[in-house]
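Beneath this line is the structure, given in C-alpha coordinates, with notes to follow.
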Amino acid sequence: MSKSLAAALPPLLVLDPLLQSWLVEDIGRGDRTTQAIFPTNTQTGQAQWLVKESGIVAGLPIAARVFHRLNPQVSFTTLVAEGQWCERGQPIATISGPMDALLSGERVALNLAMRLSGIATMTRKYVELIEDLPAQLVDTRKTTPGLRLLEKYATQVGGAVNHRMGLDDAVMIKDNHIAAAGGIGQAIAQVRTHAPYPLSIEVETETVEMVEEALKHRADIIMLDNMSLSIMQQAVELIRQTSCSIKIEASGNITLETIRSVAETGVDYISSSAPITRSPWLDLSMRLTSSYSSST
1129 MSKSLAAALP PLLVLDPLLQ SWLVEDIGRG DRTTQAIFPT NTQTGQAQWL
1179 VKESGIVAGL PIAARVFHRL NPQVSFTTLV AEGQWCERGQ PIATISGPMD
1229 ALLSGERVAL NLAMRLSGIA TMTRKYVELI EDLPAQLVDT RKTTPGLRLL
1279 EKYATQVGGA VNHRMGLDDA VMIKDNHIAA AGGIGQAIAQ VRTHAPYPLS
1329 IEVETETVEM VEEALKHRAD IIMLDNMSLS IMQQAVELIR QTSCSIKIEA
1379 SGNITLETIR SVAETGVDYI SSSAPITRSP WLDLSMRLTS SYSSST
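To convert, note that position 135 of the sequence shown is 1263 in the working numbering; the numbers rise steadily by one, no gaps.
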(Lines of atoms letter the chains of each structure in order from A and count residues from 1; the text may use other names and numbers.)
(Lines give C-alpha, C1' and ligand atoms only; values in the text may rest on other atoms or scores of the structure.)
Protein backbone atom coordinates (compact mmCIF):
# COMPACT_ATOMS: atom_id res chain seq x y z
CA MET A 1 0.00 0.00 0.00
CA SER A 2 1.28 3.48 -0.87
CA LYS A 3 2.47 5.58 2.08
CA SER A 4 1.43 8.79 0.29
CA LEU A 5 -1.88 10.57 0.30
CA ALA A 6 -4.35 9.93 -2.49
CA ALA A 7 -3.63 12.00 -5.58
CA ALA A 8 -5.74 15.15 -5.75
CA LEU A 9 -6.75 16.68 -9.07
CA PRO A 10 -6.39 20.46 -9.37
CA PRO A 11 -9.75 22.25 -8.97
CA LEU A 12 -11.53 23.12 -12.21
CA LEU A 13 -11.03 26.81 -11.44
CA VAL A 14 -7.30 26.20 -11.93
CA LEU A 15 -7.39 23.36 -14.45
CA ASP A 16 -9.82 24.78 -17.02
CA PRO A 17 -7.76 27.86 -18.00
CA LEU A 18 -4.74 25.60 -18.61
CA LEU A 19 -6.73 23.23 -20.79
CA GLN A 20 -8.27 26.15 -22.64
CA SER A 21 -4.85 27.60 -23.47
CA TRP A 22 -3.54 24.24 -24.71
CA LEU A 23 -6.60 23.69 -26.90
CA VAL A 24 -6.22 27.18 -28.36
CA GLU A 25 -2.53 26.47 -29.04
CA ASP A 26 -3.39 23.30 -30.99
CA ILE A 27 -6.59 24.32 -32.75
CA GLY A 28 -5.51 27.87 -33.58
CA ARG A 29 -7.87 29.44 -36.11
CA GLY A 30 -9.67 26.13 -36.56
CA ASP A 31 -9.20 22.41 -37.19
CA ARG A 32 -9.06 22.62 -40.97
CA THR A 33 -9.31 18.88 -41.56
CA THR A 34 -12.08 18.03 -39.12
CA GLN A 35 -14.19 21.08 -39.93
CA ALA A 36 -14.08 20.23 -43.62
CA ILE A 37 -15.15 16.61 -43.14
CA PHE A 38 -17.42 16.91 -40.09
CA PRO A 39 -19.27 20.22 -39.77
CA THR A 40 -20.16 20.98 -36.17
CA ASN A 41 -22.65 18.54 -34.60
CA THR A 42 -23.52 16.82 -37.90
CA GLN A 43 -22.00 13.43 -37.04
CA THR A 44 -21.49 11.43 -33.88
CA GLY A 45 -18.84 8.83 -33.25
CA GLN A 46 -17.49 6.37 -30.74
CA ALA A 47 -13.87 5.57 -29.99
CA GLN A 48 -11.75 3.53 -27.64
CA TRP A 49 -8.57 4.45 -25.82
CA LEU A 50 -5.89 1.75 -25.65
CA VAL A 51 -2.47 1.40 -24.00
CA LYS A 52 0.21 0.46 -26.50
CA GLU A 53 2.77 -0.46 -23.82
CA SER A 54 2.43 -1.62 -20.23
CA GLY A 55 2.46 0.95 -17.46
CA ILE A 56 0.57 3.04 -14.92
CA VAL A 57 -2.28 5.06 -16.41
CA ALA A 58 -2.75 8.62 -15.16
CA GLY A 59 -4.59 11.67 -16.41
CA LEU A 60 -7.83 10.13 -17.66
CA PRO A 61 -10.05 12.59 -15.72
CA ILE A 62 -8.01 15.41 -17.24
CA ALA A 63 -8.42 13.95 -20.74
CA ALA A 64 -12.16 13.73 -20.16
CA ARG A 65 -12.20 17.40 -19.20
CA VAL A 66 -10.38 18.33 -22.43
CA PHE A 67 -13.23 16.89 -24.51
CA HIS A 68 -15.86 18.38 -22.23
CA ARG A 69 -14.32 21.82 -22.77
CA LEU A 70 -14.90 21.38 -26.50
CA ASN A 71 -18.41 19.99 -26.19
CA PRO A 72 -20.32 19.01 -23.01
CA GLN A 73 -22.15 16.35 -25.06
CA VAL A 74 -19.01 14.19 -25.18
CA SER A 75 -19.15 11.15 -22.90
CA PHE A 76 -15.80 9.85 -21.64
CA THR A 77 -16.05 6.60 -19.66
CA THR A 78 -12.97 5.23 -17.91
CA LEU A 79 -12.53 1.46 -17.84
CA VAL A 80 -9.65 1.41 -15.35
CA ALA A 81 -8.89 3.19 -12.09
CA GLU A 82 -6.54 6.15 -12.06
CA GLY A 83 -3.11 4.80 -11.15
CA GLN A 84 -3.86 1.23 -12.27
CA TRP A 85 -1.18 -0.87 -13.95
CA CYS A 86 -2.37 -1.76 -17.46
CA GLU A 87 -1.01 -4.22 -19.97
CA ARG A 88 -0.25 -3.53 -23.61
CA GLY A 89 -3.40 -3.55 -25.74
CA GLN A 90 -5.74 -3.07 -22.80
CA PRO A 91 -8.73 -0.74 -23.34
CA ILE A 92 -8.71 2.03 -20.73
CA ALA A 93 -11.60 4.28 -21.81
CA THR A 94 -14.45 4.68 -24.26
CA ILE A 95 -15.55 8.00 -25.67
CA SER A 96 -18.58 9.05 -27.68
CA GLY A 97 -20.04 12.28 -28.95
CA PRO A 98 -19.83 14.80 -31.80
CA MET A 99 -17.02 13.83 -34.19
CA ASP A 100 -15.64 17.35 -34.42
CA ALA A 101 -15.03 17.44 -30.66
CA LEU A 102 -13.56 13.92 -30.59
CA LEU A 103 -11.07 14.62 -33.35
CA SER A 104 -10.15 18.19 -32.41
CA GLY A 105 -9.48 17.24 -28.79
CA GLU A 106 -7.72 13.96 -29.46
CA ARG A 107 -4.14 15.23 -29.57
CA VAL A 108 -4.23 17.48 -26.51
CA ALA A 109 -6.01 14.84 -24.44
CA LEU A 110 -3.64 12.05 -25.49
CA ASN A 111 -0.53 14.19 -25.03
CA LEU A 112 -1.48 15.02 -21.46
CA ALA A 113 -2.44 11.46 -20.55
CA MET A 114 0.72 10.00 -22.13
CA ARG A 115 2.97 12.49 -20.34
CA LEU A 116 1.29 11.96 -16.97
CA SER A 117 1.15 8.18 -17.37
CA GLY A 118 4.86 8.11 -18.13
CA ILE A 119 5.63 10.08 -14.97
CA ALA A 120 3.35 7.90 -12.84
CA THR A 121 4.97 4.75 -14.25
CA MET A 122 8.51 5.95 -13.52
CA THR A 123 7.50 7.20 -10.08
CA ARG A 124 6.04 3.81 -9.19
CA LYS A 125 9.35 2.13 -10.04
CA TYR A 126 11.14 4.32 -7.49
CA VAL A 127 8.43 3.93 -4.85
CA GLU A 128 8.36 0.14 -5.09
CA LEU A 129 12.06 -0.03 -4.22
CA ILE A 130 11.50 1.58 -0.80
CA GLU A 131 7.88 0.74 -0.02
CA ASP A 132 8.86 -1.51 2.93
CA LEU A 133 10.95 1.27 4.49
CA PRO A 134 9.76 4.42 6.35
CA ALA A 135 11.28 6.84 3.84
CA GLN A 136 8.97 8.54 1.36
CA LEU A 137 9.77 9.66 -2.18
CA VAL A 138 9.10 13.34 -2.87
CA ASP A 139 9.21 15.27 -6.13
CA THR A 140 10.94 18.60 -6.88
CA ARG A 141 10.38 21.89 -8.71
CA LYS A 142 12.21 20.56 -11.78
CA THR A 143 9.04 20.48 -13.88
CA THR A 144 7.96 21.58 -17.35
CA PRO A 145 6.84 25.25 -17.27
CA GLY A 146 3.06 25.31 -17.44
CA LEU A 147 2.71 21.64 -16.49
CA ARG A 148 3.84 21.69 -12.85
CA LEU A 149 0.40 21.12 -11.34
CA LEU A 150 -0.26 18.13 -13.55
CA GLU A 151 3.23 16.63 -13.41
CA LYS A 152 3.16 16.78 -9.63
CA TYR A 153 -0.31 15.24 -9.71
CA ALA A 154 1.18 12.37 -11.74
CA THR A 155 3.91 11.72 -9.17
CA GLN A 156 1.18 11.43 -6.55
CA VAL A 157 -0.63 8.90 -8.73
CA GLY A 158 2.63 6.96 -8.87
CA GLY A 159 2.90 6.95 -5.08
CA ALA A 160 5.19 9.90 -4.30
CA VAL A 161 4.57 12.89 -2.04
CA ASN A 162 4.59 16.44 -3.37
CA HIS A 163 7.38 18.70 -2.16
CA ARG A 164 6.66 22.42 -2.26
CA MET A 165 4.60 23.45 -5.29
CA GLY A 166 6.35 26.81 -5.55
CA LEU A 167 8.68 29.20 -3.78
CA ASP A 168 5.86 30.48 -1.57
CA ASP A 169 5.08 27.08 -0.03
CA ALA A 170 8.01 26.83 2.34
CA VAL A 171 11.46 28.22 3.06
CA MET A 172 14.32 26.25 1.56
CA ILE A 173 17.74 27.75 2.19
CA LYS A 174 20.01 26.42 -0.55
CA ASP A 175 23.74 26.74 -1.20
CA ASN A 176 23.49 30.07 -3.02
CA HIS A 177 21.30 31.54 -0.29
CA ILE A 178 23.85 30.45 2.32
CA ALA A 179 26.73 31.91 0.34
CA ALA A 180 24.94 35.21 -0.24
CA ALA A 181 23.82 35.55 3.39
CA GLY A 182 27.24 34.72 4.81
CA GLY A 183 26.37 31.40 6.41
CA ILE A 184 23.58 29.15 7.60
CA GLY A 185 23.07 31.04 10.85
CA GLN A 186 22.77 34.39 9.11
CA ALA A 187 20.39 33.00 6.50
CA ILE A 188 18.07 31.44 9.10
CA ALA A 189 18.10 34.61 11.20
CA GLN A 190 17.08 36.74 8.23
CA VAL A 191 14.37 34.30 7.21
CA ARG A 192 12.87 34.29 10.70
CA THR A 193 12.36 38.05 10.55
CA HIS A 194 10.43 37.86 7.27
CA ALA A 195 8.80 34.47 6.74
CA PRO A 196 5.16 34.28 7.86
CA TYR A 197 3.92 31.67 10.30
CA PRO A 198 3.66 28.67 9.88
CA LEU A 199 6.17 28.19 7.03
CA SER A 200 8.81 25.58 7.84
CA ILE A 201 12.50 26.26 7.32
CA GLU A 202 14.57 23.72 5.42
CA VAL A 203 18.34 24.02 5.06
CA GLU A 204 20.46 22.32 2.41
CA THR A 205 23.68 20.85 3.80
CA GLU A 206 26.62 19.11 2.16
CA THR A 207 28.86 18.32 5.15
CA VAL A 208 28.50 17.21 8.77
CA GLU A 209 29.73 20.66 9.82
CA MET A 210 26.86 22.28 7.93
CA VAL A 211 24.44 19.86 9.59
CA GLU A 212 25.78 20.93 13.00
CA GLU A 213 25.21 24.57 12.05
CA ALA A 214 21.66 23.88 10.90
CA LEU A 215 20.97 22.08 14.19
CA LYS A 216 22.42 24.93 16.20
CA HIS A 217 20.05 27.39 14.56
CA ARG A 218 16.99 25.09 14.86
CA ALA A 219 16.13 24.31 11.25
CA ASP A 220 12.86 22.40 10.89
CA ILE A 221 14.07 20.19 8.03
CA ILE A 222 17.65 19.35 7.11
CA MET A 223 18.47 18.27 3.57
CA LEU A 224 21.50 16.04 3.10
CA ASP A 225 22.59 16.94 -0.42
CA ASN A 226 25.00 14.89 -2.52
CA MET A 227 26.52 13.14 0.48
CA SER A 228 28.19 9.76 0.36
CA LEU A 229 26.27 7.03 2.14
CA SER A 230 28.77 6.93 5.01
CA ILE A 231 28.60 10.69 5.60
CA MET A 232 24.82 10.62 5.24
CA GLN A 233 24.56 7.88 7.87
CA GLN A 234 26.74 9.93 10.19
CA ALA A 235 24.58 13.00 9.62
CA VAL A 236 21.35 11.08 10.25
CA GLU A 237 22.69 9.72 13.56
CA LEU A 238 23.76 13.21 14.64
CA ILE A 239 20.36 14.71 13.86
CA ARG A 240 18.46 11.88 15.59
CA GLN A 241 20.61 12.25 18.72
CA THR A 242 19.93 15.98 18.81
CA SER A 243 16.21 16.10 18.02
CA CYS A 244 13.41 13.65 17.27
CA SER A 245 11.26 16.34 15.62
CA ILE A 246 13.59 17.49 12.84
CA LYS A 247 12.78 15.89 9.50
CA ILE A 248 15.62 14.66 7.29
CA GLU A 249 15.60 14.78 3.50
CA ALA A 250 18.17 13.19 1.20
CA SER A 251 18.78 14.59 -2.27
CA GLY A 252 21.24 14.50 -5.14
CA ASN A 253 21.95 11.81 -7.71
CA ILE A 254 19.07 9.60 -6.61
CA THR A 255 18.65 6.77 -9.10
CA LEU A 256 16.86 3.44 -9.25
CA GLU A 257 20.18 1.87 -8.31
CA THR A 258 20.86 4.06 -5.25
CA ILE A 259 17.47 4.94 -3.76
CA ARG A 260 17.19 1.89 -1.50
CA SER A 261 20.63 2.37 0.01
CA VAL A 262 19.76 6.00 0.71
CA ALA A 263 16.46 5.01 2.34
CA GLU A 264 18.28 2.50 4.56
CA THR A 265 20.25 5.34 6.20
CA GLY A 266 17.08 6.31 8.05
CA VAL A 267 16.08 9.53 6.29
CA ASP A 268 12.43 10.59 6.27
CA TYR A 269 12.24 11.80 2.68
CA ILE A 270 14.14 11.25 -0.55
CA SER A 271 13.71 13.95 -3.17
CA SER A 272 14.37 13.28 -6.82
CA SER A 273 13.57 15.01 -10.09
CA ALA A 274 14.09 11.79 -12.05
CA PRO A 275 10.46 10.56 -12.08
CA ILE A 276 9.55 13.75 -13.95
CA THR A 277 12.71 14.69 -15.84
CA ARG A 278 13.73 11.18 -16.93
CA SER A 279 10.38 9.56 -17.64
CA PRO A 280 9.41 8.61 -21.21
CA TRP A 281 5.81 9.07 -22.30
CA LEU A 282 3.56 6.02 -22.05
CA ASP A 283 2.19 5.31 -25.51
CA LEU A 284 -1.61 5.55 -25.73
CA SER A 285 -3.89 5.75 -28.75
CA MET A 286 -7.48 6.51 -29.68
CA ARG A 287 -9.20 4.25 -32.19
CA LEU A 288 -12.53 5.10 -33.79
CA THR A 289 -15.01 2.23 -33.43
CA SER A 290 -18.09 3.71 -35.13
CA SER A 291 -19.60 6.89 -36.55
CA TYR A 292 -23.04 7.87 -37.76
CA SER A 293 -24.94 10.93 -38.90
CA SER A 294 -26.73 12.85 -36.18
CA SER A 295 -28.74 14.97 -38.59
CA THR A 296 -31.91 14.07 -40.54
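Using N, Cα and C, we set each Cβ at its ideal position, and we do this for glycine too.
- Going by CA-CA distance only, name the one from 1268, 1315 and 1278 that's closest to residue 1295. Residue 1268 is the option with its Cα nearest to residue 1295.
- Query: Who are the Cβ neighbours of residue 1299 in its own chain at under 6 Å, not counting the five residues just before and after it?
  - Reply: Listed in chain order, the non-local C-beta contacts of residue 1299 below 6 Å within the same chain comprise 1319, 1323, 1327 and 1329, local neighbours out to five positions each way being set aside.
- Message: Cutting at 7 Å between CB atoms, please list the residues of its own chain near residue 1305, excluding the five before and the five after it.
- Response: Sequence-distant Cβ neighbours of residue 1305 in its own chain, meaning closer than 7 Å and more than five residues away, are 1315.
- Task: Tell me residue 1392's beta-bridge partners as DSSP assigns them.
- Result: In the DSSP output, where bridge partners are listed per residue, residue 1392 has none listed.
- Query: Which one or two residues does DSSP pair with residue 1330 in a beta bridge?
  - Reply: The partner list for residue 1330 (beta bridge, DSSP) reads 1300 and 1349.
- Is residue 1166 helix, strand or coil when you go by DSSP? DSSP places residue 1166 in coil when its eight states are reduced to three.
- Message: In the DSSP assignment, the beta strand (DSSP E) including residue 1412 goes from what residue to what residue?
- Response: Segment 1412-1421, the beta strand (DSSP E) holding residue 1412.
- Since residue 1283 is in the beta strand (DSSP E), which residue starts that stretch and which ends it? Unbroken run through residue 1283 is the alpha helix (DSSP H), 1276-1286; no beta strand (DSSP E).
- Is the beta carbon of residue 1352 less than 8 Å from the beta carbon of residue 1342? Between residue 1352 and residue 1342, the C-beta gap is not smaller than 8 Å, which leaves the two residues out of contact.
- Query: Do you know whose CA, among 1146, 1223 and 1302, lies nearest residue 1429's CA?
  - Reply: Outside the displayed range of the chain (1129 to 1424) lies residue 1429, so it cannot be described from this structure.
- Task: For the region 1208-1268, list the beta strand (DSSP E) runs that are entirely contained and at least 3 residues long, ordered along the chain.
- Result: Counting only runs of 3 or more, we get 1219-1226 and 1264-1266.
- Item | Strand pairing of residue 1375, partner residues [DSSP] | Looking at the DSSP assignment, residue 1375 forms a beta bridge with 1349.
- Message: Let's test the definition: count the other Cβ atoms within 10 Å of the Cβ of residue 1339 and tell me whether it reaches 16, buried, or not, exposed.
- Response: That one is buried.
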